[in-house]
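In UniProt numbering, the protein residues as written are 1 to 169.
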């Protein structure tokens with residue numbers, strides 16, 4: 001299995017167990033699933049009425065998005081202007097990392113052009129997105145975008161391809 005980590009923070013963001021589709025040469029989209037976590041009832045054989053009564057642990061099930069839960073992503077929020085400012089800084093950092101690892105000038109230009117195209121798409125549907133950051137909560141790291149497909153039921157995440165490093169596990 002391959003785990004994809006943020007090249008800035010090292011946070012795990014997604015793995016190849018999800019069907020990653022490359023879009024515009026610069027982002028991956030992966031469909032997600034809503035899953036239920038918690039709500040387990042464990043019978044340990046004790047009789048609550050014979051002792052001090054039921055502890056009343058509230059272990060209600062929650063519905064979460066599998067990618068968000070599995071990779072411990074944290075919801076955050078942005079205004080349009082703030083997000084675009086963050087994105088601009090993040091793209092500069094990614095470009096710098098690409099140059100450090102010896103990416104060709106053509107590869108960098110393709111990334112920049114594709115990133116502009118995707119950024120315009122994000123701007124035009126900005127209100128539809130939810131934003132998540134990695135486990136470290138580093139504000140300089142990648143912001144994972146989540147939206148819903150046309151059916152309004154299927155969540156998907158958008159992750160910047162050039163902002164990832166692969167790690168085989």
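The beta carbon of each residue, even a glycine, is placed where N, CA and C say it ideally should be. This structure is a prediction, so every number in the text was calculated from the model and none was measured.
Opposing strand residues paired with residue 129 [DSSP bridges]: Note: residue 129 sits in no beta bridge, so no partner.
Presumed contact (8 Å Cβ cut-off) between residue 64 and residue 160, rounded CB distance: Rounded, the Cβ-Cβ distance is 23 Å, inconsistent with contact.
Residue 93, DSSP secondary structure in three states: Residue 93: helix per DSSP, three-state reduction.
Extent of the continuous alpha helix (DSSP H) run through residue 124: Note, residue 124: alpha helix (DSSP H), 105 to 124.
Contact under 7 Å by Cβ, residue 67 with residue 169: Cβ distance not < 7 Å, so residue 67 and residue 169 don't count as in contact.
Secondary structure of residue 150, DSSP reduced to three states: In the structure shown, the three-state DSSP call for residue 150 is coil.
Exposure label - residue 133; buried when at least 16 CB within 10 Å: Only buried fits residue 133, as 16 or more other CB atoms lie within 10 angstroms of its CB.
Residues near residue 19 in its chain [Cβ-Cβ closer than 7 Å; skip 5 each side]: If we look at residue 19 and ignore the five residues flanking it on each side, its Cβ neighbours are 30 and 31.
Nearest neighbour of residue 69, chosen from 149, 88, 98 and 35 [CA to CA]: Nearest neighbour of residue 69 by Cα position, chosen from 149, 88, 98 and 35, turns out to be 35.
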